[in-house]
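Here my numbering is used: the first residue of the sequence shown is 112, the next is one more, and so on.
Structure record follows, encoded as structure tokens.
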Amino acid sequence: MSLPDTVTRVNEADVLSAAGRSAVPAHASVDDLRGRIAGLETLVNALQERVSSYERVFADYERVFTDNAVPAIVYATGSLAILEANESALALYGYDLDRIRSLAVLDLFAPQTLRASPNLEDELGKPANLIAPLAHRGAAKQELIVSLVVFPFNLHGIEARIAMIRDETARIATEEALRSSEERYRELFENANDVIFLHDLNGKILALNRAAEYITGYSRTELLGENFEGLVAPEARSQTIDSIRAHLGGSASQHYELPIVSKFGTLRFLDVSTRIIYRKGHPVAIQGIGRDITDRKHAQQRLLEFAQELQNKNLELSTALRLAQEATQLKEQFLANTSHELRTPMNGIMGMIDLLKTTELTADQREYADAVNQCANDLLTIINDLLDLSQIEAGRLSLRNEAFDCHESLKSVIKLLRLRAEGKDLELLYEIDPRLPALISGDSVRFRQVLVNLIANAIKFTPVGQVKVRLKFGDDRSTLRCEVVDSGIGVEESMKARIFEAFIQADGTTRRRFGGTGLGLTISKQLVEIMGGHIGTYNNSPGQGATFWFELPFQSAESPHSETTAASLYTDRA
Numbered sequence: 112m113s114l115p116d117t118v119t120r121v122n123e124a125d126v127l128s129a130a131g132r133s134a135v136p137a138h139a140s141v142d143d144l145r146g147r148i149a150g151l152e153t154l155v156n157a158l159q160e161r162v163s164s165y166e167r168v169f170a171d172y173e174r175v176f177t178d179n180a181v182p183a184i185v186y187a188t189g190s191l192a193i194l195e196a197n198e199s200a201l202a203l204y205g206y207d208l209d210r211i212r213s214l215a216v217l218d219l220f221a222p223q224t225l226r227a228s229p230n231l232e233d234e235l236g237k238p239a240n241l242i243a244p245l246a247h248r249g250a251a252k253q254e255l256i257v258s259l260v261v262f263p264f265n266l267h268g269i270e271a272r273i274a275m276i277r278d279e280t281a282r283i284a285t286e287e288a289l290r291s292s293e294e295r296y297r298e299l300f301e302n303a304n305d306v307i308f309l310h311d312l313n314g315k316i317l318a319l320n321r322a323a324e325y326i327t328g329y330s331r332t333e334l335l336g337e338n339f340e341g342l343v344a345p346e347a348r349s350q351t352i353d354s355i356r357a358h359l360g361g362s363a364s365q366h367y368e369l370p371i372v373s374k375f376g377t378l379r380f381l382d383v384s385t386r387i388i389y390r391k392g393h394p395v396a397i398q399g400i401g402r403d404i405t406d407r408k409h410a411q412q413r414l415l416e417f418a419q420e421l422q423n424k425n426l427e428l429s430t431a432l433r434l435a436q437e438a439t440q441l442k443e444q445f446l447a448n449t450s451h452e453l454r455t456p457m458n459g460i461m462g463m464i465d466l467l468k469t470t471e472l473t474a475d476q477r478e479y480a481d482a483v484n485q486c487a488n489d490l491l492t493i494i495n496d497l498l499d500l501s502q503i504e505a506g507r508l509s510l511r512n513e514a515f516d517c518h519e520s521l522k523s524v525i526k527l528l529r530l531r532a533e534g535k536d537l538e539l540l541y542e543i544d545p546r547l548p549a550l551i552s553g554d555s556v557r558f559r560q561v562l563v564n565l566i567a568n569a570i571k572f573t574p575v576g577q578v579k580v581r582l583k584f585g586d587d588r589s590t591l592r593c594e595v596v597d598s599g600i601g602v603e604e605s606m607k608a609r610i611f612e613a614f615i616q617a618d619g620t621t622r623r624r625f626g627g628t629g630l631g632l633t634i635s636k637q638l639v640e641i642m643g644g645h646i647g648t649y650n651n652s653p654g655q656g657a658t659f660w661f662e663l664p665f666q667s668a669e670s671p672h673s674e675t676t677a678a679s680l681y682t683d684r685a
């Protein structure tokens, strides 16, 4: 870079002026010439000193422009062509010196900036100007955000401008990131489902979100600047003060339940977490996040009430159970005493009837004696049923497990009930599967009792026809199955589910017509279940009457090498 033209013009004028003053006349003496030469030498020395001073100034200028860390360019005012650029500018844009000298200043701006700033050329031509940050583009098409400080300059007689360039790309990016972060925070703050609030150390509300407006019923303008304690239920306001004190005492965070009163007077519950906000190392505010747990609190309250109610019910049930147990114990004692007291005179009555029947009686007297004997037997049966039912319900019925002949047990029951079937002119049949072993393990007394109850029940409810008993294996040969088939009145569909309940028969009419207490089937069901079996009934189809059946676990008591008597059918007819 050369000295400025102003420096060149000053030097030329000084030389010409000195030369004019030093013109030597023709008649000048030698001394005059010497004086003139000495004056010229002095003048030349002064001029050289001034030139050196200008050169030093320009060198300082050149050094400041070239070596300055601030990017700078020099461009012509009219054409805006770039004339010079320092190293910092070249590093900023990524051009070399020759390449950047071939560009105009406008080439450094991004296309969108040129489109959005039609007056940019006028702004660059002003003698002094500050151009706000705009988008530029470097050699690698990277986008830069820079601001320009423009002031006038004259280079080799060319009117120019120096533009000091300030790279603000990082600052703008930081500000944009900060603005984006603030927007995201504001979005999270406003759209959070939880209540978010901020108050100073005196409780003055500084900020809150939309969820807080929804929960409290107040608008933001109504709450900002108000004391937070105004929202808290009176009984819990001391809790807020305690939380602030705990924070100031060094606690980083606090967690507690906070009841608040809405604008409409309703009580809401928040599960609140708070933390202290510091500024320059000093606590300035409390930030809180609260989740609405009102529904959960109500559910807990209902659960507590239900638990209390359940506890009361349990107490009532315990009392009722104790009273029932006491009543059951009294009933058992009463039945045991009653059965004992009744059996003694009944045995005497039945013995006297048997003796009476051995005497000479008329036909009418014998008929009367038979009727009394039958009634006595029925009454004894009822007494025995009541006692068995009482023992079963009390869980005091014990079973014996011993070997017995199931074939003979069935035959003995058939013989026992033969006369009853004869009295109704019924055919009483039994059928035993020849593959069924005779000896099995179990309680023979209870087995016969179930047979007696079912067969006697079938005889009772069969006006005409027959009663047939089948004893055989179950379907999988692991059970013993007995079926009592009659041709009687059958069982109504509506009564099948209740037929085995105590004191239940087909209906009241049936009980009045056929008599009985309705305990036989109940006792049979309970005995079968105690022995590990099942019992049921179904109506015969085709045909009339019903079939009562029961199955018991089969346990053979015979030796594996014993022989089984083969017979296809055992029958006995009344």
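We put the CB at the ideal spot given by N, CA and C, even for glycine.
Can you check whether the CB of residue j is closer than 9 Å to the CB of residue i?
i, j, result
"Leu299", "Leu319", "no"
"Phe380", "Thr405", "yes"
"Tyr186", "Ala215", "yes"
"Ile242", "Ala183", "no"
"Ile371", "Ala344", "yes"
"Ala250", "Tyr296", "no"
"Ser384", "Gly401", "yes"
"His358", "Arg390", "no"
"Gly611", "Lys636", "According to the sequence shown, residue 611 is Phe rather than Gly. Closer than 9 Å, so yes."
"Leu194", "Arg212", "yes"
"Asn651", "Gly585", "no"
"Ile373", "Gly314", "Contrary to the premise, residue 373 reads as Ser rather than Ile in this sequence. Their beta carbons are not under 9 Å apart, which means Ser373 does not touch Gly314 by this criterion."
"Leu540", "Val575", "no"
"Asn484", "Ile464", "yes"
"Pro664", "Ser589", "yes"
"Arg248", "Leu255", "yes"
"Ile460", "Ala487", "yes"
"Gly508", "Asp499", "The amino acid occupying residue 508 in the given sequence is Leu; Gly does not appear at that position. Yes, these two residues count as a Cβ contact at 9 Å."
"Glu232", "Leu217", "yes"
"Pro394", "Leu312", "yes"
"Gly631", "Ala567", "yes"
"Thr280", "Val257", "yes"
"Ile634", "Asp475", "no"
"Ser501", "Arg559", "no"
"Ala88", "Thr188", "Absent from the structure is residue 88, since the part of the chain shown begins at 112 and ends at 685."
"Asn338", "Ile355", "no"
Which whole-angstrom value describes the C-beta separation of residue i and residue j, a residue pair presumed to lie in contact below a C-beta threshold of 8 Å?
i, j, result
"Ala246", "Phe262", "Wrong, their Cβ atoms sit about 23 Å apart, outside the cutoff."
"Thr396", "Leu309", "In the sequence as displayed, the identity of residue 396 is Ala instead of Thr. Ala396 to Leu309, Cβ: 6 Å. Contact."
"Ile570", "Leu530", "In fact, because the Cβ distance is near 10 Å, the residues do not count as touching under 8 Å."
"Arg592", "Glu662", "5 Å"
"Ser552", "Gln666", "4 Å"
"Leu453", "Ile494", "5 Å"
"Ile543", "Leu521", "7 Å"
"Arg331", "Glu301", "With 8 Å as the limit, Arg331 and Glu301 do not qualify as a contact, their Cβ atoms being about 10 Å apart."
"Leu191", "Leu235", "6 Å"
"Leu547", "Leu582", "7 Å"
"Lys607", "Thr648", "6 Å"
"Ile641", "Leu510", "7 Å"
What does DSSP give as the partner residue(s) for residue i in the beta ladder?
i, result
"Gln398", "Leu309 and Arg386"
"Val261", "Asn240 and Ala274"
"Thr658", "Val596 and Tyr649"
"Phe665", "Beta-bridge pairing links Phe665 to no other residue."
"His518", "His518 is not bridged to any residue."
"His409", "Bridge partners of His409: none, in fact."
"Gln577", "Glu538"
"Ile543", "Leu582"
"Glu254", "Arg248"
"Lys315", "Asn338"
"Asp403", "Leu381"
"Gly553", "Glu513"
"Phe220", "His247"
"His393", "Arg390"
"Glu195", "Val185"
"Val343", "Ile371"
Inter-stretch contact at 8 Å, needing at least 3 Cβ pairs: the stretch 646-659 / the stretch 581-600: With a cut-off of 8 Å, the stretch 581-600 and the stretch 646-659 count as touching, because enough Cβ pairs lie within range.
Contiguous beta strand (DSSP E) assignments of at least 3 residues, all confined to the stretch 346-372: Runs of the beta strand (DSSP E) inside the stretch 346-372: 364-372.
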